[in-house]
Amino acid sequence: MTLETLSTPKSAASFTQDGNQYLTFSLGRETYGIEILRVQEIRGYSPATPIPNSPSWVRGVMNLRGTIVPVVDLRAKLGLELAQYGRFTVIIVVNVGTRVIGLIVDAVSDVLSFSPEDVQPAPDLGGSGDGRFARGIAHVQESLVVLLDLERVLGGAELEASSSPAAA
Amino acid sequence: MGRHPHALPAHRLQMTDPIVQAFLEEADDRLAELEEDLLRLEQNPAEPEIVNRIFRCAHTLKGNSRMLGFEDIARFTHSLEDLLDQLRKQLRVVTPDIVDVLLMSGDVLKQLVGVARGTEAPNPDVSEGVLHLINNFLSGEAIAAPAPSGTPTSTTAQVAPTLTPIAQTAPAARVQQAAEPIAEPVPAPSAPSAATSPAPAPTTEAPRSNADADSFFGFFEETAAPATAPAAAAPIAQARAASPAAEPAAPCSPPPAVAALPPPTQDAPAKSTLTPSASMLARAAEPIAVPPKTSSLPKPEAPRAPATPETASIRVPVEKVDRLINLVGELVITQSIIAQTVDHLTPERMQTLQEAVAQMDRHARELHERMMAVRMVPIKSLFARFPRLVRDLAGMTGKQVALETSGEDTELDKTVSERMSDPLTHLLRNAVDHGVETPDERKVAGKNETAHVKLKAYQRGGNIYIEIQDDGKGIDKERVRAKAVQNGLVSADAQLTDEQIVNLIFKPGLSTAAKVTEVSGRGVGMNVVKRNIEALGGVITIKTEKGKGTLFQIKLPLTLAIMDGQTMRVGEQIFVVPLVAITESVRPQRESVHRPAGAPPLVMIRGQALPMLALHELLGIDPEARDPHDGLLVVVENEGRLAGLLVDELLGQQQVVVKNLETNFKKTEGIAGATILGDGRVALILDIPGVVELARKHELVASH
């Protein structure tokens, strides 16, 4: 299932080792990447059932073939400006620890491979809010891909601590 | 669960080894069979086939345990086997004493198996004590004649010195036993009555207090069946010695204060003296009771409960699995038919497609049903532990009780079955302890001296019913009412129906009160029983008739995974409320809604003021009906209190499959779980106690 779903965004990028492959997606003008091995599947966006009294970035829960999966708006989670959900909006279903979580992103872009040399540590700029969620920055020709650390973005404490996104 | 690495056999076979696992599971089964057979043997002492079966059982256990290096078990079963061999060869006649020792041996073996599993601490003193008893039998000459009445006392005389020191070396265990919420009040009220009251039947009361004191002591605390050894030891000494046993009981009674208490002349003073000592014990017990090990501690009121309360594996008959496999095969075939038809879909093939889809639908439903059935186990496994419980309790209380079970083949969800163990144990204990009268009392009342307690299970519709019926004296409504008034649960002039009065025994305030146990006969931990049953989505009802007996009827859902729910809409969201929680739904009148200052909004329904919980406010939803009388009020019951949930619309009742929210998300207050509706959408299941709590917090915030 995983491979089938992912075969669409395949690109010219060379496939070397799975461990270095990233699924990239866009949020606004920026491109982000997550390790491909974490990705379970990609689904079109459909509204989730809201959960009362939960953090605002949790959009609710959806039915993934009988499993109840929480859906997180990644823009909201990373502190970005919110966007309308459109026909490119997708939900990337990822595994974080033992949990299965859906991430709402603007659009899926590509599957890219980065060798460790391509990845720079994330500059600690403070301020911007999402700096601490990055595990590194990768260069692709002229553009940058922010590689997210899913544990930090969605780690246990993040989902368990009720409403404070700052509790990392 | 306390782990005891030293309990593992020397040659490093790990607990996790499948062979060890299989051995332990089989040992559990064998020991359960052993006990059943022993109880049968007691009824038919001359039946050689039963003895043979018991012998074979011990023999297998010995062989297997030796093979796997569980030397303690092997050594114990070896001696046991010697004794059984004498019985088998008819060198010795089966006497009640031998059955007692054999039953004790079964308990020791259960404990040793628990040690092997790593869930129990070894307690060599106890096993050595029983071993000693066995050896006494073996070393004594084989008596072919039935033992005269003097013999039992001498047997117990041997028991006493062996076992009492153990009790004294285990003060911590004693307190742990006291920590049991249900059992804790029992010894307190009964001990003084035995020691001091000039009750009409001191002989019957006294052994009970002694036995209670023993289980209170908990010297068998580490065994799987704490009450059984005292059960066997105490009644022989006291009941058969036929003399009031207050004095032998006294040295065993743990709180010295209890024995020294003044005679309970009136309810009130007795309560005031008893309650502190009980609560003191409870308090003292707390720090000790906290360690996780307590969870594996057998409860005194559940002497037959297995050491591991919920086993992780299910034994499924091969036939069930085969049918599942067949069905899945069918499903795959239908799926491929559909796939092919869709690939070359022409208007003519529409018919084929429709048929295939209909078939797939049937298969899917059946698969779902059968899959659920895998979790269903016959209630036999639960009922099997009760004959022993009733036997021991009857012995302790000096009553003659026959337990009749029926409907053992009724199937029940495994989890439900396991969680029913404690409530049923408690109800049966109550039935024997308080429900039925002593043989003398029964004779006076013109009843058969042997009381009958019936335990029955059956399925009706989507529910399982379990009934516990005794033919005892029934619940004394006047006393329950008087007690409730005294405790401030109801006002003295309250108009109560009989049903309401009887149901008062489920109130926590009433059941923990020590005295009510004595007077009305019912109440210890009944609120816990009710809570446990309600936690399973069940309902318990009582029918009682003075002088005729009491019937407890428990209605349980077939499975925990499926629930009868009422779907309702608030704004655009759909919620499910468990049907059992709902009493009625009404459209509130404008004038019946009150918003007093400093209190939650109230709604009057037939003269009763209920708090009104506006779900849209609590759950942060944009509703259709802001004005209560535009919406509907769903009246729900929570812990005996009613509350009204304000919703926009009722949608319908349906069975919903309960899904857990915590697996991938987290526990959310007010939400019990989620379910998937017919259209694939997720609907949340409301947790009524949680919603009430949410409302309380909401109110707190609003009022500050």
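Line by line, the protein sequences give chains A and B. Read in order, the letters of the first sequence correspond to residues 333 to 500 in our numbering. Read in order, the letters of the second sequence correspond to residues 944 to 1647 in our numbering. All C-beta atoms, glycine included, are put in the ideal place defined by N, C-alpha and C. All of these numbers come straight from a predicted model, not from anything done at the bench.
Assign residue i to buried or exposed, taking buried as 16 or more other Cβ atoms, counted over all protein chains shown, within 10 Å of its Cβ.
i: B/Phe1326; result: buried
i: B/Gly1583; result: exposed
i: B/Gly1595; result: exposed
i: B/Leu1483; result: Reading off the sequence, residue 1483 of chain B comes out as Ile, not Leu. By the 10 Å Cβ count, B/Ile1483 comes out buried.
i: B/Val1264; result: exposed
i: B/Ile962; result: exposed
i: A/Thr430; result: exposed
i: B/Gly1404; result: exposed
i: A/Ser378; result: exposed
i: A/Phe357; result: buried
i: B/Ser1238; result: Confidence at B/Ser1238 is low in this model, with a pLDDT of 36, below 50, so its placement is unreliable and the value that follows should be read with caution. It counts as exposed.
i: B/Ile1268; result: exposed
i: B/Val1010; result: One detail in the question is off: residue 1010 of chain B reads as Met in this sequence, not Val. B/Met1010 comes out exposed.
i: B/Asn1007; result: buried
i: B/Pro1544; result: buried
i: B/Gly1389; result: exposed
i: B/Gln1353; result: Here residue 1353 of chain B turns out to be Thr, not Gln, going by the sequence shown. Buried.
i: B/Ala1400; result: buried
i: B/Pro1143; result: Note on B/Pro1143: pLDDT 40, under 50, position unreliable in the model; no value is reported.
i: B/Leu1499; result: buried
i: B/Asp1414; result: buried
i: B/Glu1440; result: According to the sequence as given, residue 1440 of chain B is Thr; it is not Glu. Label assigned to B/Thr1440: exposed.
i: A/Pro453; result: exposed
i: B/Thr1618; result: buried
Under the DSSP definition of a beta bridge, which residues are partnered with residue i?
i: A/Ser358; result: A/Thr363 and A/Ala439
i: B/Thr1618; result: B/Ala1626
i: B/Pro899; result: Nothing about residue 899 of chain B can be reported from this structure: the residues present for chain B run from 944 to 1647 only.
i: B/Val1599; result: B/Met1506
i: A/Pro402; result: A/Val393
i: B/Gln1516; result: B/Val1513
i: A/Val428; result: A/Arg431
i: A/His471; result: A/Leu476
i: B/Ala1435; result: Answer is none; B/Ala1435 lacks a bridge partner.
i: B/Thr1348; result: B/Leu1398
i: B/Gln1487; result: Sequence check: residue 1487 of chain B is Thr here, not Gln. DSSP output for B/Thr1487 lists B/Thr1493 as bridge partner(s).
i: B/Ala1023; result: Per the sequence shown, the amino acid found at residue 1023 of chain B is Leu instead of Ala. According to DSSP, which records beta bridges pairwise, B/Leu1023 is partnered with nothing at all.
i: A/Arg375; result: A/Ile423
i: B/Gly1587; result: B/Met1555 and B/Val1578
i: B/Glu1592; result: B/Arg1512
i: B/Thr1440; result: B/Thr1440 is not bridged to any residue.
i: B/Thr1003; result: Paired residue(s): none; B/Thr1003 is not in a bridge.
i: A/Thr381; result: A/Val393
i: B/Lys1426; result: Answer is none; B/Lys1426 lacks a bridge partner.
i: B/Pro1521; result: B/Gly1508
i: A/Ala466; result: A/Leu480
With a threshold of 7 Å between beta carbons, is residue i in contact with chain C?
i: A/Ile374; result: In the structure shown, chain C cannot be found, because the protein chains are A and B.
Cβ contact check for the region 1521 to 1528 of chain B and the region 1556 to 1571 of chain B: 3 or more pairs under 8 Å: no
Can you pull out the residues from the region 1616 to 1646 of chain B whose beta carbon lies closer than 7 Å to at least one beta carbon of chain A? Ala1617, Ile1619, Gly1623, Arg1624, Val1625, Ala1626 and Leu1627
Kindly provide the ranges of any beta strand (DSSP E) runs that are 3 or more residues long and lie completely inside the region 1526 to 1580 of chain B, ordered along the chain. 1545 to 1548 and 1551 to 1557
What residues from the region 424 to 436 of chain A come within 7 Å of chain B, judged by C-beta to C-beta, listed N to C? Arg431, Val432 and Ile433
Of all the beta strand (DSSP E) runs that stay within the bounds of the region 1361 to 1412 of chain B, which reach a length of 3 or more residues? Entirely contained in the region 1361 to 1412 of chain B, the beta strand (DSSP E) runs reaching 3 residues are, in chain order, 1394 to 1403.
Take every Cβ of the region 1635 to 1642 of chain B, pair it with every Cβ of the region 376 to 383 of chain A, and state whether three or more of those distances are shorter than 8 Å. no
Is it a yes or a no for the region 1501 to 1521 of chain B touching the region 1414 to 1431 of chain B, going by three-plus beta-carbon pairs under 8 Å? no
Below 8 Å between beta carbons is the criterion; list the residues of the region 375 to 406 of chain A that meet it against any residue of chain B, in chain order. Ala380, Thr381, Pro382, Ile383, Pro384, Asn385, Ser386, Val390, Gly392, Val393, Met394, Asn395, Gly398, Thr399, Ile400, Val401 and Pro402
Under 9 Å (Cβ pairs) to chain A, residues found in the region 1330 to 1354 of chain B: Per Cβ criterion, the list is empty.
The region 389 to 406 of chain A / the region 1594 to 1608 of chain B touching (three or more Cβ pairs under 8 Å): Contact holds: three or more Cβ-Cβ distances are below 8 Å.
At least 3 beta-carbon pairs within less than 8 Å: the region 1539 to 1559 of chain B vs the region 1574 to 1589 of chain B: yes
Note down, in chain order, all residues in the region 1535 to 1569 of chain B with a beta-carbon under 8 Å from any beta-carbon belonging to chain A. Leu1561, Leu1562, Gly1563 and Ile1564
For the region 1055 to 1062 of chain B against the region 1023 to 1033 of chain B, do three or more pairs of beta-carbon atoms, one drawn from each stretch, fall closer than 8 Å, so that the two count as touching? Taking 8 Å as the limit for Cβ pairs, the verdict is that the region 1023 to 1033 of chain B does not touch the region 1055 to 1062 of chain B.
Using Cβ-Cβ distances below 8 Å, what residues of the region 1582 to 1615 of chain B are close to chain A? Lys1602, Asn1603, Leu1604, Thr1606, Asn1607, Phe1608, Lys1609, Thr1611, Glu1612, Gly1613 and Ile1614
Do the region 1319 to 1335 of chain B and the region 1285 to 1302 of chain B meet, that is, are 3 or more Cβ pairs less than 8 Å apart? no
Does the region 1465 to 1481 of chain B come into contact with the region 1363 to 1374 of chain B, if we say contact requires no fewer than three beta-carbon pairs (one atom in each stretch) closer than 8 Å? yes
I'd like to know if the region 353 to 373 of chain A and the region 461 to 478 of chain A are in contact, where contact means that at least 3 CB-CB pairs between them fall below 8 Å. Segments in contact, yes.
Given 8 Å, three or more beta-carbon pairs between the region 1312 to 1327 of chain B and the region 1443 to 1450 of chain B: no
Segments of 4+ residues assigned as alpha helix (DSSP H) that fall wholly inside the region 1259 to 1289 of chain B: Complete alpha helix (DSSP H) runs here, min 4: 1261 to 1286.
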